[in-house]
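Q: Structure in structure tokens, see below.
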Amino acid sequence: MRLTSVLGTRARTVAVALAVIVFGAEAHGGSAIAATVLPVSSQDTEDKPVFELPAPANDRAGVVRLMTTGGPATARAAEAALLGSEAELAAFLRAEQYRAADTDVRFRTAQLLDVGGRKLAEAVQNALGASVEAQRTLLRTGWREPWKADLRLQVARFLGDGRKVDEAAQRALDDGTQQAMENFLTTGLPTARQADDRMRVASMLGTGGPQLEKAAQQALDAGSAQALREFLDNGQNLARARDQETATVAELAGQADRAGREAATQTRAAEDAAERAITASRIAREASERAAREAAAAKDSAGRAGEAAGRAADAATGAARAAQTAMTAAGQATAAARVAATAASRAAVAASAAGGAASRAFSAASAAARDNRQSVVARKAADEARAAAAGARQAAAAAGHASAAASQAGNAARAASGAGANAAAAAAAAAAAGGHAKNAGKQARIAANAAARARAAAGRATRAANAAEALARQSGQAAAQARDAANQAAAHADNAATAAYQAADAASQATNAANEAMAHAVNAIKAADIATAAATRAGEVEETARKTEVEQLQARTEQASQAARQLRTEEQDQQSDAAWDEAENTRIGEETRQQLDAAAAPGAAPETVLAEGRKAAANLIKTGGPWTRVAAEHALAGSPAEVTEFVTTRRAIAAEQDDRARTRYLADSSEKPALKAAAEKALAGSHPAVQEFLRTQDYEGRATDDRFRIAQLLGTGRPATERAAQAALDGTDAQRRDFLKQGLPRAAAADDRFETARLLGTGAAELEATAQIALTGPSWFPQAFLQVGQHNARRRDENTASHVAAVKALVAQAMRTATTARADAARAAQAAATARGAAAEARGYADQAKSSADQARAHANHARRSARAAEDSARRAAQSAAAARRAANIAVGQARDAAKSARAANASAASASNAARAANAAAARAHADALAAGRNAQAAARAATAALRDALAKPSVLPPGGGGGSGGGYGGAGPTPAGCQQRGGAGNFVTQMLCGPGMITNPDCNTPLNLGCRYLRDNLLTPPPPKPEEPFWSESRLCGLGSIGAGAGWAAGGFLLPPFALFMAGAGVGAGVASWLMC
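Residues in the sequence shown are numbered consecutively from 803, following my numbering.
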């Protein structure tokens, strides 16, 4: 399963813990289509609710069940009831559990705002404004129809994208089934888009110079979606620069039209995200303020105030997610602004080309007026001017659409800033709730931390929205100006065509030929000036596009940095826990140990034993191994006598079984025969022998093995690692064991940070930003960055440089064409002036012609230099891409190994848990029989313990093939499972996803809307073979982006629920810190 939220904070694509905001929306080539729906299979959504409530409880055991399986509000309220008085437990059974369930239903319903499209969002809003039963209905079945409607809208958005895309989209819409629309979005769209791109490239064969012909044929021969898209975006402009040609006005208009359509798509995505963000943040603010009021009213009751503070923390977390959605909206608005600027630039170049055509037509008319032999040339120029006028008007329309899209994107960004304000208000309310619940300890701290995160997210969202609005406004103005320039150029081209036709028709009949020739020549100069101004404007518009990219990079960097800091904090919290393979007693936290000591103290009062024993049991349910967890559940559900028995006897029995399960797992999973033998020997002995084995994991020959492993680290060029390794070699066996277990990871992390920091200050924007994210994040981020991420960052930098150089070449060619037209027009004016006998005037026009010709040569040289620079950048980008693919292949192998280890560890833990439940069930039956026989509670508890020992003596009770790892289940049943901590490099992406809190073992993954979990589970463990046309197959699999085809350029942002959605970022916008590092 995924390995990207594989990494991220809240994500909307199939990727985050892989690792950080998918920085390169275009990491796989082409332009990412943000917010594309990548739905789950219709087969997976049959009759399956999004969220199922556990059955209500009717006794203490049922409340324990709710604590471990219920939603956040239910779990908190259940725990408070279990640790409270009998009256509080009765109140929970009577009413509180139902209120908590309603809160969870509302919470889950609100979470659906993070996924899907407008129709689902409307359904969610309607349900939230209605009754709880309406919300339950939506979660059970009501989501299906709006989900399908959103699918239909997503498919319809691609109509007009190209002939093949149109046909495929229309077939899906005509079919109308969910499966047909899913097939279009997952496979049909990229295939059809590739076919359309291929036709566009093929249409250029035979229409240009040799370099254009060669580049087009190379793209067709490569055949991949990435190669075709790269040629259309940059390659054709580079080839034309080398041929010293420019695209036809019609071709430039087509480029502007496609860019305008993409801007509209990005804008719609921004509008949808902004609407979701506003609604979600409003709901979160209301929930947080309501919880704050409840916390204030219950401030004298730590339990009730803490439970209210917990709800406020949930609401603040929701507010932070809403602010993240607002960031997504701002990012999509910025992307729309960038694409609108691209459309404006192409329209401006088209206007320049049309102006040049007009100038040539006027010059031809001037020549025809002087010489009737020039009529054929004049007619040809007139035809070209007429065609240029039509193309310029098409470009003007495209620029107008882009201007409107940019304006709407700015509105969406402005609206998204409102979500930031709501999130800030929710944060303030959560902080207030935490203050009222200061006596509740942990819940107060959770509320305060959630409030701080929400505040930070709100600030980022507001800043990003404001920046996006400003950039959208600039792009909209540029597009409007390009539209006006194109319309003006079209009018001149039409006038020039008319003049040229008339001059050709009357060439032999002119009565005042010299004056007419002069008038046409002057108009030619004016048209050339318009062309020059339009080309200059194209360059200015490109500067606006560059500015949007810089702003977008800064926003993504800030967003990713915050996500990375959060991951680092979580890692530091986890590092305070003992390792998974340490003995159970060693893994007990300080607070829990104090509670157990107080409960087990000689002469402790019964009420102390009960209160502290139950608190310890509640903690061990969350942190203990499988056997300890089950024993704690039974104690928390049982009588005071059973709590006493748990504290004095049963916990120790469970701890021994957990230690034996860990030892069994090490014996079964190790590839070292000596270690297996040592583990088996320990298992045949006493519990102290097992504990000693877990402490040392010693075996015959280990000292030699350790020295050999450490010696291999010398000479690697990694200073911190080498110094620590040498010190370990000079030390004792115990010091060498400690080095391999703890010292080596620390030294390696120090070396990775040093190497990463060296890349700062290179001047490469993406590389520096990604390196900074790596340094901000958890310890394994720098390693992942160095192994894979730096290559992808370099590729993005080189792709950007290539694109910028290609655009400069395009603009320079436009300037060359315009100044050449001006030189030709000046020469025509010179000839007309000479014919009129105006020698001085003729000399002036001759000087103008020479100056314009010199400028044209300079622009041609500039175009050639830009083309060479773009070629060099493209070559370096290809080299970085190859390095990234090689590293990704290695990382994928590590990921699969980690996935297999995680799966085995989870299976082992499940086996141990099943065995523990079977043995404890036998104990429970013995307890019930003893009570039925009239024995007192203490005797019944002892009888249950005796029955447990008898069950353990039966081999059939023990888990076949070994016990569990650490327990690693959802809710923090322990640190990462066995094998997970043994992976390095990019495999850590997988490790963090599979082994961290909340992926495979998280019940939230088991929902029909959570594509991410299933995608990773299905494609990481049993991936299909790569296809020849998918050069980025390994990388796209690793990043969990679900890219279809090489560089198809879109990793559809799916409908994902937490934790996956919270751990990932949307394709094209980014979603988990790790993805940025890797993709």
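The beta carbon of each residue, even a glycine, is placed where N, CA and C say it ideally should be.
Where does the unbroken alpha helix (DSSP H) through residue 1016 begin, and where does it stop?
A: Where residue 1016 is concerned, the enclosing alpha helix (DSSP H) stretches over 1012-1024.
Q: Please confirm if the stretch 1210-1227 is in contact with the stretch 1258-1272, defined as three or more CB-CB distances below 8 Å between the two stretches.
A: The answer is yes - the stretch 1258-1272 touches the stretch 1210-1227, with three or more Cβ pairs under 8 Å.
Q: Spatial neighbours of residue 1740 within its chain, please: C-beta separation below 6 Å, excluding the five flanking residues on both sides.
A: For residue 1740, where only same-chain residues beyond five positions count, the Cβ hits under 6 Å are 1443.
Q: For residue 1562, does the count of other Cβ atoms within 10 angstroms reach 16, so buried, or fall short, so exposed?
A: By the 10 Å Cβ count, residue 1562 comes out exposed.
Q: Taking the alpha carbon of residue 1337 as the point to measure from, which residue in 1620, 1631, 1521, 1722 has its own alpha carbon closest?
A: Among 1620, 1631, 1521, 1722, the Cα nearest to that of residue 1337 belongs to 1620.
Q: Near residue 1679, which residues of its chain fall below 7 Å by C-beta distance, leaving aside the five closest residues on each side in sequence?
A: 1597, 1600, 1601, 1604, listed in sequence order.
Q: Rounded to whole angstroms, what is the Cα-Cα separation between residue 1737 and residue 1752?
A: So the alpha carbons of these two residues sit roughly 20 Å apart.
Q: Would you tell me roughly how many angstroms separate the C-alpha atoms of residue 1207 and residue 1366, rounded to the nearest one?
A: Cα to Cα, the separation comes out at about 33 Å.
Q: Under 6 Å Cβ to Cβ from residue 1184, same chain only, skipping five residues before and after it: list those, please.
A: Around residue 1184: 1163, 1299, 1302, 1303.
Q: For a quick check, are the C-beta atoms of residue 1459 and residue 1728 less than 9 Å apart?
A: For residue 1459 and residue 1728, no; Cβs fall outside 9 Å.
Q: Rounding to the nearest angstrom, what Cα-Cα distance links residue 1327 and residue 1080 in this structure?
A: Each residue's Cα considered, the two are about 54 Å apart.
Q: Mind checking which residues open and close the alpha helix (DSSP H) that includes residue 1501?
A: Careful: residue 1501 lies outside any alpha helix (DSSP H) and carries neither H nor E.
Q: Consult DSSP for residue 1442 and reduce its assignment to one of helix, strand or coil.
A: In the structure shown, residue 1442 sits in a helix (DSSP, three-state: H, G or I).
Q: From the DSSP output, in three-state form, read off residue 1006 for me.
A: Residue 1006: coil per DSSP, three-state reduction.
Q: Return the Cβ separation of residue 880 and residue 865 in integer angstroms, given the expectation that the two are a contact with Cβ distance under 8 Å.
A: Yes, they are in contact, since the Cβ atoms of residue 880 and residue 865 sit about 5 Å apart, within 8 Å.
Q: Is the stretch 962-979 in contact with the stretch 994-1013, if contact means three or more CB pairs nearer than 8 Å?
A: With the cut-off at 8 Å, the stretch 962-979 and the stretch 994-1013 touch.
Q: Using a Cβ-Cβ cut-off of 6 Å (strictly less than) and excluding sequence neighbours within five positions of residue 1749, which residues of its own chain qualify?
A: Around residue 1749: 1724, 1725, 1728.
Q: Going straight from the alpha carbon of residue 1198 to that of residue 1345, what length do you get?
A: Those two C-alpha atoms are separated by around 20 Å.
Q: State the Cα-Cα distance for the pair residue 1785 and residue 1387, rounded to the nearest angstrom.
A: Low per-residue confidence applies at residue 1785: pLDDT is 37, beneath 50, and the placement is therefore not dependable enough to give any value.
Q: Just to confirm, does residue 1213 get its C-beta within under 8 Å of one of the non-hydrogen atoms of the ligand GDP?
A: Among the components of this structure there are no ligands whatsoever, and the ligand GDP is therefore not found.
Q: Residue ranges of each alpha helix (DSSP H) run of no fewer than 4 residues wholly in the stretch 1343-1417, ordered along the chain?
A: The stretch 1343-1417 contains these whole alpha helix (DSSP H) runs: 1392-1402.
Q: Compare the C-alpha of residue 1732 against each of 1643, 1746, 1721, 1722 and name the closest.
A: Checking every option, the nearest Cα to that of residue 1732 belongs to 1746.
Q: Which of helix, strand or coil does DSSP assign to residue 1541?
A: Of the three classes helix, strand and coil, the one that applies to residue 1541 here is helix, per DSSP.
Q: Express the C-alpha separation of residue 1418 and residue 1424 in angstroms, rounding to a whole number.
A: If I take the Cα positions, the gap works out to 10 Å.
Q: Thinking C-alpha only, which one of 896, 886, 1061, 1467 is nearest residue 1713?
A: Of the listed residues, the one whose Cα sits closest to residue 1713 is 1467.
Q: Starting from residue 1468, trace the alpha helix (DSSP H) both ways and give me its first and last residue.
A: Looking at the DSSP string, the run of the alpha helix (DSSP H) that includes residue 1468 is 1453-1471.
Q: Have a look at 1685, 905, 1288 and flag the residue whose alpha-carbon is nearest the alpha-carbon of residue 875.
A: The residue with the shortest Cα to Cα distance from residue 875 is 905.
Q: Please go through the same chain and pick out, in chain order, the residues whose beta-carbon is closer than 6 Å to the beta-carbon of residue 1626, but skip the five residues on each side of it.
A: These residues qualify, in order along the chain: 1165.
Q: Using 10 angstroms around the beta-carbon of residue 1296, count the other beta-carbons present and answer buried if the total reaches 16, otherwise exposed.
A: Answer is buried; the Cβ neighbour count reaches 16.
Q: Terminal residues of the continuous alpha helix (DSSP H) containing residue 949?
A: Per DSSP, residue 949 belongs to the alpha helix (DSSP H) from 946-958.
Q: Going by beta carbon distance, what residues of the same chain come within less than 7 Å of residue 856, once the five residues before and after it are set aside?
A: Result list for residue 856: 867, 868, 871, 872, in chain order.
Q: Report yes or no: do three or more beta-carbon pairs, one from the stretch 974-981 and one from the stretch 1010-1021, lie closer than 8 Å?
A: No, the stretch 974-981 does not touch the stretch 1010-1021.
Q: Please say whether residue 925 and residue 858 have beta carbons closer to each other than 9 Å?
A: No, Cβ-Cβ distance for residue 858 and residue 925 is not below 9 Å.
Q: Would you report the Cα separation of residue 1450 and residue 1553, rounded to the nearest angstrom?
A: Each residue's alpha carbon lies about 47 Å from the other.
Q: Pick helix, strand or coil for residue 1483, following the three-state DSSP scheme.
A: The answer is helix: DSSP assigns residue 1483 an H, G or I state.
Q: Return the Cβ separation of residue 1075 and residue 1134 in integer angstroms, given the expectation that the two are a contact with Cβ distance under 8 Å.
A: Yes, they are in contact, since the Cβ atoms of residue 1075 and residue 1134 sit about 6 Å apart, within 8 Å.
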